[in-house]
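Residue numbers (my numbering), protein chains in the order written: chain A, 26 to 200; chain B, 471 to 1161. Note that the Cβ used here is the ideal one computed from N, Cα and C, for glycine as well. Treat the numbers as computed from the prediction; the structure is a model and nothing was measured. Take a look at the structure set out below.
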């Protein structure tokens, strides 16, 4: 290949990588945001009783793309307990979690999961559309600069979870 | 200027100034405190607000909900002091901002970095308060809230405070002024009263004033002090007044003493001298006749010496009264001294009226006076001179009256004489003579002549009588009658007598040494005997001259017996010296035989008046014979005076008085001539003729 062609290819590749990276980064950033959001939300939440284990567990249900993104919250402490992040495939051991981020592939999966979680003292957070209708406590949407959310307060009450008014005031919708 | 203010204004000023200063200081402190407190409160408030808003916005901050954050910040609008607020997320990055729509401040807020550096994250500027608040969630910092608040509100309220306090100060001062105005009286009015009183005291010199003390404070003490001082001054003043009065009295007393005679209470010579000139002037001015009388009391000395000085004083006083009673109001009676009085008669109708007054006076004095149980008789010799008849000069009048008085004395006393121009010459002559006489002794103008006393029986001179002559420079040789009376009046006779005695004794001594044993007789005047030391003087002279006292004869006249109280002592003293006392002019004086018995008389001299008409006048013969008999019977020696004729001599001799003295034998001669007489063969002829 001639030199200038190599250069162009390099540039293109780099550009592509960048874009991909960016997209990846973007998605990584977005995931970090989500992680942060969830963590912050947890901070505004009160559980009825202390967690069973010595750590504060945030479980991620579905999707491994988050992977490292949620690593940012690991190690932080919440209520004096170190935060642990668990990646779950199913909702079997969900009871160990204090917070569950639900990323279902489908509504059916979501419902299935909710059937298992329902009334458990777990803060359910999801950005699946209309998740709050399915008794997910926090339904959030990522927007370019911020995250908006809706709060299913009755679901939270049912699980004996208290949500601080301070965060509630930020909600778009509460029901 | 301040010093000139009256006390009340000073007080007011002081109080208002101090009050004002105090109030202002207080107000200032209060305002400052208010400022401080206000700032602190403001800070607290703002901090509180910041914390509230900050805490409220923690979620928004955490969830990056800008809109909500803005909304929360927007609640700060309720706080008018907040100018702006900024929410920072960690970075720090500005997250949300609020600016108060109404409250505007031109001053930019302090940078967050600066604030964060400060310990309490707050900073006051003059116009704003900037503070920051760290927003934390679950002990983790989530961001900052920075707030800036304007201080206008604070200042406004402060200004209101200041205004109010100024008003309060003003009102307080006003109140203080009014109160003080009223109450300062308690200080100033007593002081003013005191000052007014002091002025009064000073002006009227009324030290009796006293201040009523109202209070017990220092003003009261001051007033009391003044009162005490006034008391002292008053006392001193009255003491001074007293002393002044006493002094004046003393002066008056002295004046009186100086001008008044103590004994009689009449004005004295000084007063007279002073007054007389004025009276003459007044009389001349009014064209009136003025009379001057000199009154000399007769025999005053006799009374004084016999009855004592007390009686003498009483006599003078009584005399003064009697004379005064005869005078009219306006006439002046003075005692000039001794027994002399002077009368000034004013407003005489005519000069002769003075004679009437003189007669009245003499008449008044003839009435005997009862003094200490004694009946005393006195008379007066009065000399009168009138103005303008006799003279218009006071001195001339004085001389005239004096001369007239002497004339009255010479005319037999107890009468009055008017001055006559002829007397003038006499007075002047007398004066001249007196002056010369005094010098005569020094100038050796006096000389003794000796008249021999001759014993016709023995045919020899047995003694001499020394007689004083005066070799007057102008008038020639003057005999005793020309000057002795004057000498006796002036008292100069004493000196003359002493000189005579001394000279005679000296001369006698000399003759004795030359072998002539003669007695020396010398006349002694009663005046001389008045000197208490007379006998001593005689003794001294005898001692000095060495003359044998047995040969000395002192010739005295009978008048001495009338006047001398202590005569007996004198005569005894003289007698004790060994000399002989001789009665001169025997038979002519106040004859009282008793004195022949009482006094140690050695010799008598038959007066010439009895000798003159011998032997023709039978009475004289009998008298002479009687005298001779007395002398013989009383063992007294005898000599006849004034023998001028042979018949006289014979008569005397035949009747038993062989010793004679007179022109028949010799005139008085000088000492030198006496020697010749003594040796003259004429004496032998006398002796021969007796056979």
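### Cβ pair residue 83 of chain A, residue 116 of chain A closer than 8 Å
Here residue 83 of chain A refers to the residue found at position 58 of the first chain. Here residue 116 of chain A refers to the residue found at position 91 of the first chain. No, these two residues do not count as a Cβ contact at 8 Å.
### Task
With 8 Å as the limit, tell me which residues of the stretch 535-563 of chain B have their beta carbon closer than that to any beta carbon of chain A; keep them in chain order.
Cβ contacts with chain A: 535, 536 and 538.
### Under the three-state DSSP convention, the category residue 1075 of chain B falls into
By one-based count along the second chain, residue 1075 of chain B stands at place 605. Correct three-state label for residue 1075 of chain B: strand.
#### Entry: CB contact check: residue 530 of chain B to chain A, cutoff 8 Å
Position 60 of the second chain, counted from the first residue, corresponds to residue 530 of chain B. Nearest CB-CB separation between residue 530 of chain B and chain A: below the 8 Å threshold.
### Message
Less than 8 Å between CB atoms is the rule here; does residue 568 of chain B satisfy it with respect to chain A?
### Response
Sequence index remark: in the second chain, residue 568 of chain B carries index 98 (1-based). So no, residue 568 of chain B is outside the interface.
### Task
Tell me whether residue 953 of chain B is buried or exposed, calling it buried when 16 or more other Cβ atoms sit within 10 Å of its Cβ.
By 1-based counting over the second chain, the position of residue 953 of chain B is 483. Buried, because 16 or more other Cβ atoms sit within 10 Å of the Cβ of residue 953 of chain B.
### Task
Identify every residue that forms a DSSP beta bridge with residue 1051 of chain B.
The count along the second chain starts at 1 and reaches residue 1051 of chain B at position 581. Paired residues: B:1024.
#### Entry: Nearest-angstrom Cα separation, counted from residue 73 of chain A out to residue 148 of chain A
Looking up residue 148 of chain A in the first chain gives position 123. Looking up residue 73 of chain A in the first chain gives position 48. For the pair residue 148 of chain A and residue 73 of chain A, the Cα-to-Cα distance works out to about 11 Å.
### Message
Does the contact criterion of 3 or more C-beta pairs under 8 Å hold for the stretch 95-111 of chain A versus the stretch 188-199 of chain A?
### Response
For the pair of segments examined, the stretch 95-111 of chain A was found not to touch the stretch 188-199 of chain A: the number of CB pairs separated by less than 8 Å stays below three.
### Where residue 1127 of chain B falls: helix, strand or coil (DSSP)
Numbered from 1 along the second chain, position 657 holds the residue referred to as residue 1127 of chain B. It is coil, neither helix nor strand.
### Query
Closest to residue 683 of chain B by CA distance: which of B:694, B:675 and B:674 is it?
Residue 683 of chain B sits at position 213 when you count from the first residue of the second chain. Closest by alpha carbon: B:694.
### Pairwise C-alpha distance: residue 870 of chain B and residue 955 of chain B
As a first step, residue 955 of chain B is located in the second chain; it is residue number 485 there, counting from the start. As a first step, residue 870 of chain B is located in the second chain; it is residue number 400 there, counting from the start. Rounded to the nearest angstrom, the two C-alpha atoms are 20 Å apart.
### Task
Below 6 Å CB to CB, which residues in the same chain sit around residue 1058 of chain B once its five sequence neighbours on both sides are set aside?
Counting from one through the second chain, the residue named residue 1058 of chain B turns up at place 588. For residue 1058 of chain B, where only same-chain residues beyond five positions count, the Cβ hits under 6 Å are 1077.
### Task
Please check if any C-beta of chain A sits within less than 8 Å of the C-beta of residue 565 of chain B.
Position 95 of the second chain, counted from the first residue, corresponds to residue 565 of chain B. Chain A contact via Cβ: absent.
### Task
Kindly identify the DSSP beta-bridge partner or partners of residue 768 of chain B.
To locate residue 768 of chain B, count along the second chain from 1; it is residue 298. According to DSSP, residue 768 of chain B bridges with B:849.
### Query
In this structure, does DSSP put residue 955 of chain B in helix, strand or coil?
Translated into the one-based positions of the second chain, residue 955 of chain B becomes position 485. Looking at residue 955 of chain B - three-state DSSP - the assignment turns out to be helix.
### Task
Using a Cβ cut-off of 9 Å, pull out every chain A residue sitting near residue 630 of chain B, in sequence order please.
Translated into positions along the second chain, residue 630 of chain B becomes position 160. At a beta-carbon threshold of 9 Å, none of the residues of chain A lie near residue 630 of chain B; the nearest stands roughly 40 Å away.
### Query
Out of B:686, B:775, B:681 and B:766, which has the shortest C-alpha to C-alpha gap to residue 807 of chain B?
Along the second chain, read from residue 1 onward, the residue named residue 807 of chain B stands at position 337. Of all alpha-carbon atoms in B:686, B:775, B:681 and B:766, the one lying nearest the alpha-carbon of residue 807 of chain B is that of B:766.
#### Entry: Same chain, Cβ closer than 7 Å to residue 621 of chain B, neighbours up to 5 away in sequence not counted
As a working note, residue 621 of chain B is residue 151 in the second chain. Only 597, 598 and 599 meet the Cβ criterion.
### Residue of B:602, B:574, B:594 and B:569 minimising C-alpha distance to residue 583 of chain B
Position 113 of the second chain, counted from the start, is the residue given in the question as residue 583 of chain B. Residue nearest to residue 583 of chain B within the set B:602, B:574, B:594 and B:569 is B:602 (criterion: CA-CA distance).
### Query
For residue 579 of chain B versus residue 604 of chain B, is the C-beta distance shorter than 8 Å?
To locate residue 579 of chain B, count along the second chain from 1; it is residue 109. To locate residue 604 of chain B, count along the second chain from 1; it is residue 134. The beta carbons of residue 579 of chain B and residue 604 of chain B sit no closer together than 8 Å.
### Query
For chain B, is any of its Cβ atoms less than 8 Å away from the one on residue 68 of chain A?
Mapped onto the first chain, residue 68 of chain A falls at position 43. Answer yes: the Cβ-Cβ gap between residue 68 of chain A and chain B drops below 8 Å somewhere.
### Interface residues of chain B facing residue 171 of chain A [CB-CB closer than 8 Å]
In the first chain, the residue the question calls residue 171 of chain A occupies position 146. For residue 171 of chain A, the C-beta contacts it makes with chain B under 8 Å involve 533, 534, 535 and 536, in order along the chain.
### Query
Taking 8 Å as the CB-CB cut-off, is residue 59 of chain A touching chain B?
One-based indexing of the first chain puts residue 59 of chain A at position 34. No, its Cβ sits nowhere closer than 8 Å to a Cβ of chain B.
### Task
For residue 482 of chain B, collect the residues of the same chain with a Cβ closer than 8 Å to its Cβ; drop the 5 residues on either side in sequence, then sort them by chain order.
In the second chain, counting from the first residue as 1, residue 482 of chain B sits at position 12. Excluding five sequence positions before and after residue 482 of chain B, the CB atoms of its chain that fall closer than 8 Å to its own CB belong to 647, 650, 651 and 654, given in chain order.
### Message
If the criterion is Cβ atoms closer than 8 Å, does the pair residue 66 of chain A and residue 163 of chain A meet it?
### Response
One-based indexing of the first chain puts residue 66 of chain A at position 41. One-based indexing of the first chain puts residue 163 of chain A at position 138. Yes, Cβ-Cβ distance for residue 66 of chain A and residue 163 of chain A is below 8 Å.
### residue 51 of chain A at chain B interface by Cβ criterion, 8 Å
Numbered from 1 along the first chain, position 26 holds the residue referred to as residue 51 of chain A. With a pLDDT of 49 at residue 51 of chain A, under the threshold of 50, the predicted position of this residue should be treated as unreliable, though the coordinate-derived value follows. With 8 Å as the cut-off, residue 51 of chain A does not count as an interface residue toward chain B.
### Message
For a contact defined as C-beta to C-beta under 8 Å, what are the partners of residue 607 of chain B on chain A?
### Response
On the second chain, residue 607 of chain B is found 137 positions in, with the first residue counted as 1. Simply 68.
### Task
Rounded to whole angstroms, what's the CA-CA distance from residue 700 of chain B to residue 712 of chain B? Just pull it up for me.
Counting from one through the second chain, the residue named residue 700 of chain B turns up at place 230. Counting from one through the second chain, the residue named residue 712 of chain B turns up at place 242. The straight-line gap from Cα to Cα measures roughly 17 Å.
### Query
Which bits of chain B does residue 195 of chain A rub up against, with CB to CB less than 7 Å?
Within the first chain, residue 195 of chain A is the residue found at index 170, counting from 1. In chain order: 529, 530, 533, 535 and 538.
### Query
Taking the alpha-carbon positions, what's the residue 500 of chain B to residue 630 of chain B distance?
Position 30 of the second chain, counting from 1, holds the residue named residue 500 of chain B. Position 160 of the second chain, counting from 1, holds the residue named residue 630 of chain B. Those two C-alpha atoms are separated by around 13 Å.
### Message
With a threshold of 8 Å on Cβ separation, who are the neighbours of residue 167 of chain A within its own chain once the five nearest residues in sequence on each side are excluded?
### Response
Taking the first residue of the first chain as position 1, residue 167 of chain A is located at position 142. Within the same chain, residue 167 of chain A has close Cβ partners 55, 58, 59 and 152.
### Query
Anyone know if the C-beta pair for residue 742 of chain B and residue 812 of chain B falls short of 8 Å?
Residue numbering aside, residue 742 of chain B sits at position 272 when the second chain is read from its first letter. Residue numbering aside, residue 812 of chain B sits at position 342 when the second chain is read from its first letter. Contact flag set, yes.
### Task
Tell me, please, whether the CB atom of residue 192 of chain A is closer than 8 Å to any CB atom in chain B?
What you label residue 192 of chain A is simply residue 167 of the first chain in a count that begins at 1. For residue 192 of chain A, the answer is yes, since a Cβ of chain B falls inside 8 Å of its Cβ.
### Query
So with Cβ pairs under 8 Å, would you call residue 65 of chain A a contact of chain B?
Here residue 65 of chain A is taken as the residue at index 40 of the first chain, counted from 1. Residue 65 of chain A counts as touching chain B.
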